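A short worksheet on the structure shown next.
4 protein chains.
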Amino acid sequence: MTDPHAPDDALATAAGDALYARDRTAHHLGIRLDAIAPGYARMSLTVQEWMLQGHDMCHGGIMFALADTAMAFASNSRGTSHVALNANIDFLRPAFAGETLVAEAREGNRTRRTGMYDVSIVNAAGETVCHFRGRTYGTGAPVIRDETT
Amino acid sequence: MTDPHAPDDALATAAGDALYARDRTAHHLGIRLDAIAPGYARMSLTVQEWMLQGHDMCHGGIMFALADTAMAFASNSRGTSHVALNANIDFLRPAFAGETLVAEAREGNRTRRTGMYDVSIVNAAGETVCHFRGRTYGTGAPVIRDETT
Amino acid sequence: MTDPHAPDDALATAAGDALYARDRTAHHLGIRLDAIAPGYARMSLTVQEWMLQGHDMCHGGIMFALADTAMAFASNSRGTSHVALNANIDFLRPAFAGETLVAEAREGNRTRRTGMYDVSIVNAAGETVCHFRGRTYGTGAPVIRDETT
Amino acid sequence: MTDPHAPDDALATAAGDALYARDRTAHHLGIRLDAIAPGYARMSLTVQEWMLQGHDMCHGGIMFALADTAMAFASNSRGTSHVALNANIDFLRPAFAGETLVAEAREGNRTRRTGMYDVSIVNAAGETVCHFRGRTYGTGAPVIRDETT
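Chains as they are written, first to last, in this note's numbering: chain A, 57 to 205; chain B, 57 to 205; chain C, 57 to 205; chain D, 57 to 205.
This is the structure we're talking about:
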C-alpha cells in the first residue's frame with residue numbers, strides 16, 4: 057500500500073529540518089517546529105519574561121516573529137526558497153508571560169513566483185490571539201543546500 | 057523667551073523614559089530610544105548573529121519588532137497609553153549581521169481613540185529596508201504610572 | 057418549537073433591508089444581498105463592460121467595492137452602525153465581463169467598538185478571486201432609523 | 057538645451073493616454089487623469105449621489121477605485137504593464153456628495169518585477185481622506201499596444 061502524499065511530505069520534512077537548522081532567530085526565541093507538510097507548518101513558542109513590552113503584554117514583534125516563521129516554513133516546504141514580501145497582522149487579544157502560543161500557517165495561494173499564507177496564533181484556551189496574512193516571493197534557490205561542496 | 061513646544065516635548069520625554077524602563081523586549085533586542093517628541097520616535101538596533109533566519113538575512117520578526125516598538129513610543133508620547141490593533145509591513149531589501157537599522161515613526165492620524173503611524177527603517181547607507189504602517193487604540197490609561205501607590 | 061437564532065436573524069434581516077435601501081452604490085453596481093445573518097453576509101455582482109480597466113480585466117476598485125459592501129452588511133447585521141477603518145485585499149486571479157462574483161463576509165472578531173471581517177470573493181467555477189480583510193469601528197448609532205420622526 | 061527627463065515624461069504621457077483610453081471604469085466614475093510622470097500619477101473624481109453608501113458617506117469602494125486607478129497609472133507610466141497584487145487602505149475621514157477628491161500616487165519601490173506605491177487622497181480643504189499602499193507585479197507586456205496589427 058502506498059501513500060500518495062508521502063514523497064511530498066518527506067520533502068517538506070527535509071526542507072523544514074534544513075531551514076530550522078539554520079534559523080538562529082527561531083532557536084533564540086525557543087520556537088518549535090511541531091508539524092510540517094506541503095504548504096503547511098505548525099510552530100509554537102512559550103512567552104518568556106523578556107518578551108514583554110511596556111504594558112506587560114507579549115510584544116507584538118514576538119507574535120509577528122512567530123507568525124512570520126510559520127509562514128517561512130510553510131512557504132519553503134516545497135523545497136524551493138521563498139522570502140517574505142509583505143505581511144499584515146491583527147492583534148485580537150493580549151498574551152502574557154508563561155503562555156504557550158501555537159501558530160498554524162496555511163497556503164492560500166501559490167504560483168511559481170508568489171505565495172500567500174494565512175497564519176493564526178491561538179493560546180492554550182484555544183482563543184485566537186493574532187491573524188496574520190503574508191505574501192512571499194520565490195527566489196528559485198533550493199532550500200536544502202549541498203553543504204559538502 | 058518661551059518655547060511653545062517645550063511642555064509637550066517634556067511630557068514625551070518623560071513618557072518615553074517610563075515606557076522604555078518597562079519594555080523588556082526593547083532591552084533584550086538592544087533597541088535604543090534615540091529621539092522622541094509628540095507623535096514621533098526614532099529608535100535603532102544593531103543586527104546580531106542570532107537575529108538571522110534560515111536564509112542568512114535579518115529575520116522579518118526582528119525588523120517588525122523594531123518598527124512596532126517605534127510606533128509604540130510615538131503613540132504613547134502624548135502620555136496616554138495606546139496599543140497596536142494591526143499593522144502591515146513591506147520588506148524592500150534584506151539586512152545583515154552587524155548592520156545598524158534606524159526606525160522613524162511619524163503620526164499619520166490621531167483621534168481620541170485611534171492612531172495611525174508610518175514607520176520607515178533605513179540602513180547605514182540610507183536605503184529603505186522596510187515600510188511599516190500600523191494602527192493603535194487608546195486605552196485611556198496614563199503611560200506614567202504612580203509606582204508609589 | 058423555538059429557534060434560538062430566530063430573533064437575531066430577524067434583526068439581521070431588518071438591518072440589512074434598511075441599509076440596502078439607502079446604499080446607492082450597491083444599487084448602481086447591481087450588487088445583490090443574497091443572505092444575511094448575525095456577523096455574516098453574502099452578496100453578488102455580475103461584471104459589466106464598464107467595470108473593466110485598461111488591461112480588460114474587472115477593475116480592482118469594483119472587486120473591493122463588492123467585498124467592502126459585504127463587510128458593511130455583516131458588521132451592521134447586529135443592528136448598530138459600524139464603519140470601515142481600514143482593509144487589505146489580495147487579488148489572486150482576474151475576473152472578466154459577464155462573470156458573476158459572490159462575496160461572503162464572516163466576522164473574525166467583535167468587541168463593542170471594533171470588528172474584524174474576512175471576505176472571500178469566488179467566481180462561478182468556485183475559484184477564489186480575492187481575499188479581503190477589514191476592520192470596522194462602531195459609531196453607536198442604530199442601523200434602523202426611525203424615519204417617521 | 058535639452059531636458060534629461062523629457063523622453064521619460066513623453067513615454068509616461070503616451071502610456072497614460074493609451075491606458076486611459078481603454079479604462080472603462082475610470083470613464084464611468086468620471087475619474088480624470090490630471091498629471092502623469094515616471095512613477096507618478098495625479099487623478100481626481102467628484103463624488104456623485106450614486107457613490108454614497110448606507111451611512112450617506114462616499115462608499116469606500118469608490119475611494120479605493122480612485123486610489124487603485126492612480127496606482128495603475130503610476131505603475132504603468134514606464135511603458136510596461138503592471139497589475140495590482142494587493143493593497144491596503146485606511147479611511148481617515150468621510151467624503152460627501154459634491155466633493156472633489158484628488159489622489160496622488162508615488163512610487164515607493166520598483167524592481168523589474170514588483171512595485172510598491174503610496175497613494176494619498178485629499179479633499180478640497182487639503183485634508184487627507186485616505187492613505188493607500190499597494191504592490192504591483194510586472195507582466196512584461198507593453199502598455200502601448202500596436203492596434204494596427
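Don't be surprised by glycine CBs; every beta carbon is placed ideally from N, CA and C. A quick note: this is a predicted structure, and the numbers were derived from the prediction, not measured.
Alpha helix (DSSP H) segment containing residue i, residue limits
i	result
residue 273(A)	Look at the range of chain A in this structure, 57 to 205, and you will see that residue 273(A) is not part of it.
residue 82(A)	80-85
Identity of the residue in the options nearest residue i by Cα
i	options	result
residue 200(D)	183(D), 138(D), 165(D)	138(D)
residue 166(C)	185(A), 152(A), 162(A)	185(A)
residue 159(B)	92(B), 136(B), 168(B), 108(B)	92(B)
residue 156(B)	98(B), 103(B), 78(B)	103(B)
residue 76(A)	110(B), 71(B), 195(B), 77(B)	110(B)
residue 192(C)	193(D), 116(D), 95(D)	116(D)
residue 180(A)	149(A), 95(A), 196(A), 96(A)	149(A)
residue 96(A)	195(A), 113(A), 107(A), 64(A)	64(A)
residue 119(B)	202(B), 133(B), 99(B)	99(B)
residue 198(C)	69(C), 132(C), 172(C)	132(C)
residue 101(C)	145(C), 126(C), 202(C)	126(C)
residue 94(D)	114(D), 69(D), 112(D)	69(D)
Endpoints, beta strand (DSSP E) assigned at residue i
i	result
residue 161(B)	156-166
residue 175(B)	170-178
residue 146(B)	136-147
residue 188(B)	184-198
residue 211(B)	Any question about residue 211(B) goes unanswered here, given that chain B covers just 57 to 205.
residue 97(A)	96-102
C-beta atoms of residue i and residue j nearer than 9 Å
i	j	result
residue 73(B)	residue 128(B)	no
residue 130(B)	residue 162(B)	yes
residue 67(D)	residue 147(C)	no
residue 71(B)	residue 135(B)	yes
residue 124(B)	residue 143(B)	yes
residue 187(A)	residue 164(C)	yes
residue 122(C)	residue 85(C)	yes
residue 153(A)	residue 183(A)	no
residue 196(D)	residue 171(D)	no
Can at least three beta-carbon pairs, one atom from the stretch 71-89 of chain C and one from the stretch 167-187 of chain B, be found at a separation below 8 Å? Too few Cβ pairs lie closer than 8 Å, so no.
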